[in-house]
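Asker:
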Amino acid sequence: MQSRTDQRLRIGRLGERLAAQRLERAGFTVLERNYRTRAGELDLVARRRGVLVFCEVKTVVARANASARGPAYALEAVGTAKRVQVRKIARSWLTERSSLARGCPNVRFDAIGITLSTKGEVLSVEHVENAF
Numbered sequence: 023m024q025s026r027t028d029q030r031l032r033i034g035r036l037g038e039r040l041a042a043q044r045l046e047r048a049g050f051t052v053l054e055r056n057y058r059t060r061a062g063e064l065d066l067v068a069r070r071r072g073v074l075v076f077c078e079v080k081t082v083v084a085r086a087n088a089s090a091r092g093p094a095y096a097l098e099a100v101g102t103a104k105r106v107q108v109r110k111i112a113r114s115w116l117t118e119r120s121s122l123a124r125g126c127p128n129v130r131f132d133a134i135g136i137t138l139s140t141k142g143e144v145l146s147v148e149h150v151e152n153a154f
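All residue numbers for the sequence shown refer to this note's numbering, where the first residue is 23 and numbers rise by one.
The following block contains the structure:
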């Protein structure tokens, strides 16, 4: 039997893979996935036409009933604390990976919310540009 933590990681990785595919289909080049620092992790860093995008990905399984725990809507999990954390980690990324950011005078922070069915089917994918 899978632990809750294992299941959360599996769902999160699936969501990140789907988000990366969506960005690539939209013409982005994914520069990095799961960049980690002591402060946390950046899910995706991508580039397209002079814009460097730090993307937070949230994946949720649709609630079977109203009393289920967790966010009902994937992007509601990208609150103020998460936004501050992502910006802090993005500064670290820019310092460490400045060569990858060359030619990108613009930076933005996007969010991608993915909702899965209880069977793992993709119900919705929402990409919000300039989310924060």
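No residue lacks a Cβ here, since even glycine has one placed at the ideal position from N, Cα and C.
(1) Identify the continuous alpha helix (DSSP H) that holds residue 106 and give its terminal residues.
(2) Alpha carbons only, please: which of 116, 28 and 40 is nearest the one belonging to residue 58?
(3) Drop a sphere of 10 angstroms on the beta-carbon of residue 37, count the other beta-carbons inside from all chains shown, and report buried for 16 or more, exposed for fewer.
(4) For the candidate residues 61, 44 and 69, whose alpha-carbon lies nearest to that of residue 51?
(5) I need the straight-line Cα distance from residue 35 to residue 65, nearest angstrom please.
(6) Give the DSSP-derived three-state secondary structure of residue 98 in the structure shown.
(7) Starting from residue 46, follow the alpha helix (DSSP H) in both directions and report where the run begins and ends.
(8) Return the bridge partner residues of residue 54 from the DSSP annotation.
(9) Just reading off the beta strand (DSSP E) that residue 152 is part of, what are its end residues?
Answerer: Short version:
(1) The residue you call residue 106 lines up with position 84 of the sequence shown. Residues 102 to 118.
(2) Residue 58 sits at position 36 when you count from the first residue of the sequence shown. Here the closest residue by C-alpha is 116.
(3) Within the sequence shown, the letter at position 15 stands for residue 37. The residue is buried, with at least 16 neighbouring Cβ atoms inside 10 Å.
(4) The residue labelled residue 51 in the question sits at position 29 within the sequence shown. Considering only alpha carbons, the answer is 69.
(5) What you label residue 35 is simply residue 13 of the sequence shown in a count that begins at 1. What you label residue 65 is simply residue 43 of the sequence shown in a count that begins at 1. Near 9 Å, if we compare the C-alpha coordinates of residue 65 and residue 35.
(6) Against the sequence shown, residue 98 aligns to sequence position 76. DSSP places residue 98 in helix when its eight states are reduced to three.
(7) By 1-based counting over the sequence shown, the position of residue 46 is 24. Residues 26 to 47.
(8) Position 32 of the sequence shown, counting from 1, holds the residue named residue 54. According to DSSP, which records beta bridges pairwise, residue 54 is partnered with 67.
(9) Counting from one through the sequence shown, the residue named residue 152 turns up at place 130. Element bounds for residue 152: n/a, residue is neither H nor E.
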